[in-house]
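First residue of the sequence shown: 3, per the working numbering; consecutive thereafter. This report refers to the structure that appears directly beneath it.
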Amino acid sequence: MATRTVTRAGPAAPETVWERYARPALWSRWAPHIRRVETEAGRIAPGVCGRVFSYAGVRVRFTVEQVDEEQRRWTWRVGLGPLVLRLCHEVTAAPGGGSGTRLTVSGPLPVVVLYRPVAAWALGRLVAEGR
């Protein structure tokens, strides 16, 4: 198992960034690797599950493990067959305005390393204005 962290900061307000995380229907607007999300839930909460569809034709199942709305933190588990990643997200207010986001990914080293640049790109879009 390996763990890597990615951080990004941008002009979007922390409340806006949190809402982009909290509503799975919005994920494809800022995450360029996500084509669509299937879930019964309109908002993340512990136990919420579903599937994420990528543009590469990959479908992964997910389960939200923890959500702290007040602290703007959440953790989910994403799996494809025997490959499982745990992703821990956090949104903070940036000094001087805007927001920061932090993602810690844990899983098999090759998958974590390959996912890191994709995650960095997505997080940059997450904290941008107008997504």
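Cβ coordinates follow ideal geometry from the N, Cα and C atoms, glycine included.
Along the chain, where does the beta strand (DSSP E) that runs through residue i open and close?
i: residue 105; result: 101 to 109
i: residue 95; result: 85 to 95
Is the separation between the beta-carbon of residue i and that of residue j shorter than 7 angstroms?
i: residue 69; j: residue 95; result: no
i: residue 40; j: residue 52; result: yes
i: residue 121; j: residue 105; result: yes
i: residue 31; j: residue 55; result: no
Return the Cβ separation of residue i and residue j in integer angstroms, given the expectation that the two are a contact with Cβ distance under 8 angstroms.
i: residue 66; j: residue 78; result: 5 angstroms
i: residue 101; j: residue 5; result: Contact doesn't hold; Cβ gap of about 23 angstroms is too wide.
i: residue 43; j: residue 26; result: 7 angstroms
Three-state secondary structure (DSSP) at residue i?
i: residue 127; result: helix
i: residue 74; result: coil
The alpha helix (DSSP H) spanning residue i covers which residue range?
i: residue 60; result: Here residue 60 belongs to no alpha helix (DSSP H), and DSSP marks it neither H nor E.
* Fully enclosed by the segment 9 to 60, which beta strand (DSSP E) runs are 3 residues long or longer? -> 36 to 41 and 51 to 56
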